[in-house]
Amino acid sequence: MGAPMARNLLRAGHSVALWSNTASKARELAAAENGIYCETPAEAAAQAEGIFLCVGDSAMSESVILGPDGVLAGAKPGSVVIDASTVSPSSSVRVHQRLADAGIHFLGAPCTGSKPGAENGTLTFMIGGDAAVFERAKPWMHPMGQRFYLCGGPGMGLHAKLTQNLILSNILNAFNEGLVLSTKAGVDPELMLEILANSAAKSGLIEFKAPFVLRRDFAPNFSLKWMHKDTGLMLESAQELNVPLLMTALTRQIFQTAISRGLGEEDMCSTIKVLEELTGTQVKFSTK
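By our numbering, the letter at position 233 of the sequence shown is numbered 258, and the numbering carries on one by one without gaps.
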């Protein structure tokens with residue numbers, strides 16, 4: 026998601042210094058969109074008033090921000106770091122404090138909308154941090170998103186994002202169970218989807234993901250491995266807050282089963298293959 030987000034900033038007229046863990050990606054984007062290629066996060070941060078990052082997990086985020094040649098090593102006092110990654114709220118709070126000690130502002134701003142949202146500049150951001158810092162950063166965020174929710178202080182945007190993904194992941198698991206059950210019983214999947222769309226079970230997630238399942242297209246819009254990671258963060262936060270998440274714990278094990286089958290790089294809707302394999306049933310468009 027980072028590449029299209031940066032591309033949208035460039036096309037909005039911003040001067041953007043680019044770094045990627047895969048250097049070729051940053052070089053290609055810099056060449057294509059007149060960006061500035063950088064060898065390290067520190068080099069990119071030194072040239073920026075606002076520093077965005079979008080990485081896979083908490084360890085990556087802390088390394089890019091706090092590690093050797095990281096953002097902290099190059100950022101100027103008074104600059105703003107905006108982390109659009111979905112990471113542990115506790116990790117985000119730690120990073121916030123480290124940057125604050127150096128006079129650098131920080132927003133934890135995870136986003137939702139998957140690859141299409143990043144490409145089209147229609148992401149939704151959930152922000153944790155100081156309101157004045159958010160207002161300063163908001164114009165930089167507009168090329169990348171359409172909706173911005175200030176959820177509270179440090180870490181609170183991540184609590185909101187994890188709650189959203191908790192609900193999505195459990196809806197996805199319910200969809201898998203329901204469609205495999207109805208298909209094995211003999212109900213046409215397209216008819217079943219029409220019924221769901223016109224009932225109290227109507228779901229934006231199902232309406233978006235179901236066509237991919239029915240045409241057996243599991244190319245990643247949001248990879249299974251990343252939702253598996255996010256369910257782990259949900260359970261970690263739940264343990265810290267003493268909240269039982271019974272369904273989510275089971276959903277994570279189903280995701281783990283799919284990953285163990287080698288499906289981690291596919292879209293998260295590929296989790297339906299676990300039940301399909303167990304039941305000898307495949308949910309797909311009719312060939313009639």
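In this text, a Cβ means the ideal position worked out from N, Cα and C, and glycines have one as well. These numbers come from a predicted model, not from an experiment.
Non-local C-beta neighbours of Glu261 in its own chain, meaning closer than 7 Å and more than five positions away in sequence, comprise Ser113, ordered along the chain. Under DSSP, Val106 forms a beta bridge with Ile76 and Phe131. Of all C-beta pairs linking the stretch 195-207 to the stretch 170-183, fewer than three are shorter than 8 Å, placing the two stretches out of contact. Here Gln171 carries a strand assignment [DSSP, helix/strand/coil].
Apart from the 5 residues on each side of it in sequence, Pro245 sits with its Cβ closer than 7 Å to the Cβ of Glu290, Glu291 and Asp292 in its chain, given in chain order. In this structure, the beta-carbon distance from Ala127 to Leu78 does not fall below 9 Å.
In the DSSP assignment, Cys136 forms a beta bridge with Phe150. Nearest neighbour of Ser110 by Cα position, chosen from Gly180, Glu64, Ala162 and Pro93, turns out to be Gly180. Nearest C-alpha to Glu144 among Arg36, Glu74 and Ser40: Arg36.
By the Cβ-count criterion, Ser194 is buried, with 16 or more other Cβ atoms from all chains shown falling within 10 Å of its own Cβ. Contact between Ser88 and Gly95 holds: CB atoms are separated by about 7 Å, below the 8 Å threshold. When the alpha-carbon of Val299 is set against those of Phe280, Ser311 and Phe310, the nearest one is in Phe280. Assignment of Leu270 by DSSP, reduced to helix, strand and coil, places it in the coil class. Residue state for Gly229 is assigned as helix, using DSSP reduced to three classes. The beta carbon of Gln171 lies closer than 6 Å to those of Thr147 in the same chain, with the five residues before and after it left out. A straight-line Cα-Cα distance of about 29 Å links Ile129 and Trp251. The stretch 182-201 and the stretch 222-237 touch, with three or more beta-carbon pairs separated by less than 8 Å. Measuring C-alpha to C-alpha distances from Ala73 to each of Val212, Val308, Lys101 and Arg240 identifies Lys101 as the nearest.
Assigned with DSSP and collapsed to three states, Leu43 falls in strand. Here Cys63 has Ala42, Leu43, Trp44, Ala51, Ala69 and Gln72 as same chain residues with Cβ atoms under 8 Å from its own Cβ, once five neighbours each way along the sequence are excluded.
In this structure, Cys136 lies near Met26, with their beta-carbon atoms less than 9 Å apart.
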